[in-house]
Amino acid sequence: MKIDAPVNECISSIQISSDSVQNHMIDPCHMSEKKFVRNNSFKVHSDSAHHGRKLYNCNVCAKSFTFKCALKKHIDFVHNHIKYPCLTCEKTFTRKSTLKTHIDSVHNRSKYSCDICKKTLTSKKDIKMHIDLVHNGTTNHSCNKCSKSYARRSDLKKHTNSVHDLIKHPCNTCGKTFSRKGYVKIHIESVHNDQKPHKCVKCGKSFAQKNDMKIHIDSVHDRIKYPCNTCGKIFARKSYLKTHSDSVHNDRKPLNCDTCGKTYTYKIALKCHIDSVHNLIKYPCQTCGKLFAQKAHLRIHIASVHNRITYPCDICDKTFSQKSNLKIHIGSVHYRIKHPCQKCEKIFTTKAYLKVHTDSKHKD
1 MKIDAPVNEC
11 ISSIQISSDS
21 VQNHMIDPCH
31 MSEKKFVRNN
41 SFKVHSDSAH
51 HGRKLYNCNV
61 CAKSFTFKCA
71 LKKHIDFVHN
81 HIKYPCLTCE
91 KTFTRKSTLK
101 THIDSVHNRS
111 KYSCDICKKT
121 LTSKKDIKMH
131 IDLVHNGTTN
141 HSCNKCSKSY
151 ARRSDLKKHT
161 NSVHDLIKHP
171 CNTCGKTFSR
181 KGYVKIHIES
191 VHNDQKPHKC
201 VKCGKSFAQK
211 NDMKIHIDSV
221 HDRIKYPCNT
231 CGKIFARKSY
241 LKTHSDSVHN
251 DRKPLNCDTC
261 GKTYTYKIAL
271 KCHIDSVHNL
281 IKYPCQTCGK
291 LFAQKAHLRI
301 HIASVHNRIT
311 YPCDICDKTF
321 SQKSNLKIHI
331 GSVHYRIKHP
341 CQKCEKIFTT
351 KAYLKVHTDS
361 KHKD
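Residue numbers (UniProt numbering): 1 to 364.
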């Protein structure tokens, strides 16, 4: 049965010139410095952002919202399961605006260019966000639990949920947990439904996400690399380079184990350490009974031993039972990455071999 939702009564935008906007700006919010054109907009911001007042409650699940239109979207999407199909490719969307963006970017190939750096994006909204974040340095939404700030409130909410509140979203098929609902959807489509709609035009390999396909093309076909300016090590992604610089050269490991004092860069690494070393948690394989200290090791075992999943090298025909072994193979064989010992002249093909050597030969 369809649930009645209130009439969409979002605060409408006023079409006025930029000069007029500046002339009519009221005093900024003293807590966030955000400025508003109208007093009622300022009141809504103050009530929702700083005082937690959300006047519109869902009659089904009691979730509360600041705007009636947000409540309507929630009811349509969560309880009425309303979908908006694309008439060209039959893909469905939960919002009309998302459908329009999809049609513009995928089928009409619409592009919007940044006037400052000429970067092209698929929507005006993305261009505005890009200018605010990249060129103006605007990050209005700050986390009150750490020093991070975001251009969008939705990104701040995702950060709080996954990093501080540690909210997890499980896959109902295999039990794997994710920090965001969107990641669960991608996981189900790619792993369980085998949906990989983004195909590489150079080798035919398919990917679940367009960004993964782009990274594949950049690293495998175009051989784009990101070198570390300190040690010369080369990485296939900027994110890998940043993680390397933070942990190896800048020694940024802000997370400490309360029991033994060991430090980590990521919360997930700290959690794995506590579970396996101090809490002695074990994860049994339901097929053969073998025990593992980490869920990740259990998943690798099931995939390689029982499901016989293999990972082929894109450059040669060699296949591997684990992604980590494939990565080591590509780095050492195809990219000739070496790991020299800082205390002697020995060179190793993997970090693990270097660590074993250092621990056994140079340990103080």
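Heads up, the beta-carbon is just placed ideally off N, CA and C, and yes, glycines get one too.
Residue span of the alpha helix (DSSP H) that contains residue i, given as start and end
i, result
"ASP314", "Run containing ASP314: none; DSSP gives neither H nor E here."
"TYR240", "238 to 244"
"ASP155", "153 to 159"
"ASN325", "323 to 329"
"ASP126", "124 to 130"
"HIS74", "68 to 74"
"ALA352", "351 to 361"
"ILE268", "267 to 273"
"LEU298", "295 to 301"
Status (buried if at least 16 other CB within 10 Å, exposed otherwise) for residue i
i, result
"GLY232", "exposed"
"ILE330", "buried"
"HIS216", "buried"
"LEU270", "buried"
"LYS363", "exposed"
"HIS273", "buried"
"LEU71", "buried"
"HIS249", "exposed"
"ALA352", "exposed"
"HIS301", "buried"
"ALA62", "exposed"
"HIS192", "exposed"
"PHE235", "buried"
"HIS339", "buried"
"VAL60", "exposed"
Beta-carbon gap between residue i and residue j smaller than 8 Å
i, j, result
"ILE186", "ALA208", "yes"
"HIS74", "PHE65", "yes"
"ALA296", "LYS282", "no"
"CYS257", "LEU241", "no"
"SER332", "THR349", "yes"
"HIS164", "TYR150", "no"
"TYR112", "THR120", "yes"
"HIS135", "ILE116", "yes"
"THR88", "SER105", "no"
"LYS253", "THR243", "no"
"CYS146", "LEU156", "no"
"THR94", "LYS83", "yes"
"ASP314", "LYS205", "yes"
Beta bridge counterpart(s) of residue i as assigned by DSSP
i, result
"PHE93", "TYR84"
"LEU255", "TYR264"
"LYS56", "For the sequence presented, residue 56 should be read as Tyr rather than Lys. According to DSSP, TYR56 bridges with PHE65."
"SER142", "SER149"
"ILE234", "PRO227"
"ILE347", "PRO340"
"TYR283", "PHE292"
"PHE320", "TYR311"
"HIS169", "PHE178"
"LEU121", "TYR112"
Any non-hydrogen atom of the ligand MN within 7 Å of residue i CB
i, result
"THR263", "This structure simply doesn't include the ligand MN, nor any ligand for that matter."
Restricting to runs no shorter than 4 residues, where is the alpha helix (DSSP H) found entirely within the region 172 to 222?
181 to 187, 210 to 216
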